[in-house]
Amino acid sequence: SAVISQKPSRDICQRGTSLTIQCQVDSQVTMMFWYRQQPGQSLTLIATANQGSEATYESGFVIDKFPISRPNLTFSTLTVSNMSPEDSSIYLCSVTTGGVGYGYTFGSGTRLTVV
Amino acid sequence: RKEVEQDPGPFNVPEGATVAFNCTYSNSASQSFFWYRQDCRKEPKLLMSVYSSGNEDGRFTAQLNRASQYISLLIRDSKLSDSATYLCVVNDGNTGKLIFGQGTTLQVKP
Numbered sequence: 611s612a613v614i615s616q617k618p619s620r621d622i623c624q625r626g627t628s629l630t631i632q633c634q635v636d637s638q639v640t641m642m643f644w645y646r647q648q649p650g651q652s653l654t655l656i657a658t659a660n661q662g663s664e665a666t667y668e669s670g671f672v673i674d675k676f677p678i679s680r681p682n683l684t685f686s687t688l689t690v691s692n693m694s695p696e697d698s699s700i701y702l703c704s705v706t707t708g709g710v711g712y713g714y715t716f717g718s719g720t721r722l723t724v725v
Numbered sequence: 015r016k017e018v019e020q021d022p023g024p025f026n027v028p029e030g031a032t033v034a035f036n037c038t039y040s041n042s043a044s045q046s047f048f049w050y051r052q053d054c055r056k057e058p059k060l061l062m063s064v065y066s067s068g069n070e071d072g073r074f075t076a077q078l079n080r081a082s083q084y085i086s087l088l089i090r091d092s093k094l095s096d097s098a099t100y101l102c103v104v105n106d107g108n109t110g111k112l113i114f115g116q117g118t119t120l121q122v123k124p
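So the sequence lines, in the order shown, correspond to chains A and B. In case it helps, this note's numbering puts the first sequence at residues 611 to 725. In case it helps, this note's numbering puts the second sequence at residues 15 to 124.
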């Protein structure tokens, strides 16, 4: 399975600022996803990062708040913009190297606290 | 109705016990099914895929009932190290997206 390097691993940010999270994969992958896991909750998909085109966002998530870049098949970034305490969460990137029948690999996550 | 539903637990069991987790999913067109394990403050990791014929990996057995849209995970001879949250995950075959259940917490006690 793919190996993902996600950074930063954690950050404490002031409200109103932005944070960019990076995921680097050790192999080319077709599909990359960004998830959010709020305290005590399961994972919620934010968006699918598409190479060479705009990301596909899930209901409740918008590009202005969570801009995503995917410049190539091994790298993606997620920015959390104009942060508020409600954005405090763990953000994870995920990839699959196989088809829909294969499990997905997750980055180690970014633990964000907004104060 | 949630797309993937699990009993959140917690399940508190003694070492050596057998414990079963259940999960239901709402989209009958779902194609792939998984159990993930998530330790505290860690990312989810794939435990096993789930097939219609059932599959076993050591002490872990997964079952899928497509007609009932039901998935199960059985853990035999529980170990302390099995303590974690177990996530039932369904892949939407049309989009490739993973849909996560809320997770079932297992605590194995000595």
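For glycine and all other residues, C-beta sits at the position ideal for the given N, C-alpha and C. A quick note: this is a predicted structure, and the numbers were derived from the prediction, not measured.
Closer than 7 Å at the beta carbon, the chain B residues around residue i
i, result
"A/G719", "E57"
"A/G713", "F48, L60, S63"
"A/F716", "E57, P58"
Burial state of residue i (16 or more Cβ within 10 Å)
i, result
"B/Y84", "exposed"
"A/I678", "buried"
"B/P58", "buried"
"B/Y65", "exposed"
"A/R680", "buried"
"A/D697", "buried"
First through last residue of the beta strand (DSSP E) which encompasses residue i
i, result
"A/M693", "Looking at the DSSP string, A/M693 is not in any beta strand (DSSP E), and its letter there is neither H nor E."
"B/L120", "118–123"
"B/R51", "46–52"
"B/E19", "18–20"
"A/D740", "Here chain A covers residues 611 to 725 and nothing more, so residue 740 of chain A does not appear."
"A/F676", "A/F676 -> no beta strand (DSSP E), and no H or E assigned at all."
"B/T38", "33–39"
"A/T723", "720–724"
"B/E70", "69–71"
Cβ shell of residue i (< 8 Å), same chain only, five flanking positions each side left out
i, result
"B/D21", "F35, N36, T118"
Contacting residues, own chain, Cβ-Cβ under 6 Å from residue i (five flanking each side not counted)
i, result
"A/I631", "L688, Y701, T720"
"B/D71", "M62"
"A/S611", "T715"
"A/V635", "A612, I614, T684, V705"
"B/F25", "V33, L120"
Chain-ordered neighbours of residue i on chain A, where CB pairs are closer than 7 Å
i, result
"B/L101", "S652"
Cut-off 7 Å between Cβ atoms - residues of its own chain near residue i, not counting five sequence neighbours on either side
i, result
"A/Q647", "L653, S699, I700, L702"
Residue i: contacting residues in chain A (beta-carbon distance under 8 Å)
i, result
"B/Q116", "Q651, S652"
Contact list for residue i against chain B, beta-carbon separation under 8 Å
i, result
"A/L722", "Result: empty, since nearest Cβ-Cβ is about 14 Å, beyond 8 Å."
Amino acids of chain B, ordered along the chain, whose beta-carbon sits closer than 9 Å to that of residue i
i, result
"A/L702", "E57, P58"
"A/L683", "Neighbours of A/L683 on chain B: none; closest Cβ ~15 Å, over 9 Å."
"A/L655", "K111, L112, I113, F114"
- Any chance the segment 50–62 of chain B sits against the segment 91–100 of chain B, with 3 or more Cβ pairs inside 8 Å? Segments in contact, yes.
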